[in-house]
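Below: the structure, in structure tokens.
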Amino acid sequence: MSEIPPELADEMTPAVRAFVESLLARIAELEARLGMTPQNSSLPPSSRHPHARPVSHKPTAKRKRGGQKGHPKHERTLLPPERVDETLVLKPTACRRCGKRLTGTDPEPWRHQVWELPEIKPTITEYQQHRLRCPGCCESRATRDTPSACPPRDTLCRLPLS
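If you want our numbering, it's the position in the sequence shown, counting the first as 1, plus 560.
The following block contains the structure:
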């Protein structure tokens, strides 16, 4: 709608026609500015509204998010009760609605297993090498028969070879 239709232009006075043309020019200018963002103009990034959603440049997907209907299920199977280290029985004691005491057992409770890795604890071995004085020659000697697993004295920490 950048021009005045000819049937209306004939009925307008020159002053009204000039006014309508200036309004049409202003509308065209505002519509051009409507699509401007800091990315496609010389506007500074701070002029972007702080709550405006970021423009997505990805094409819209044909499928919905998440697993599609009929896809194979992926889940960790539950271990049998004899392989579980600790079992916590969680029974409600009272009704949430009326507060009456609940009794009985559920023959098939909902089972949920949490796998936790144990804390790694270092093994600290102290080697005490004694120096003893020989009663025959009175010379002090250290033992030479150190175990093969004994590291050199300047080694603070070592990892086992496995």
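Every residue, glycine too, gets a C-beta built ideally from N, C-alpha and C. The structure presented is a predicted model; accordingly, all values stated were derived computationally and were not measured.
Residue i vs residue j beta-carbon contact at 7 Å
i: L662; j: P669; result: no
i: I564; j: V580; result: yes
Through-space distance from residue j to residue i, alpha-carbon basis
i: I684; j: S700; result: 29 Å
i: V644; j: E679; result: 18 Å
i: E642; j: K624; result: 41 Å
i: G630; j: N600; result: 43 Å
i: E591; j: A585; result: 10 Å
i: Q628; j: A621; result: 13 Å
i: R671; j: P614; result: 42 Å
Beta-ladder partner(s) of residue i, from DSSP
i: A654; result: R661
When the Cβ atoms of the stretch 677-692 are set against those of the stretch 646-660, are three or more pairs found closer than 8 Å?
Taking 8 Å as the limit for Cβ pairs, the verdict is that the stretch 646-660 does not touch the stretch 677-692.
Using a Cβ distance threshold of 8 Å, determine whether the stretch 669-679 contacts the stretch 628-646, with at least three qualifying pairs required.
Yes, since at least three Cβ pairs between the stretch 669-679 and the stretch 628-646 fall closer than 8 Å, the two stretches touch.
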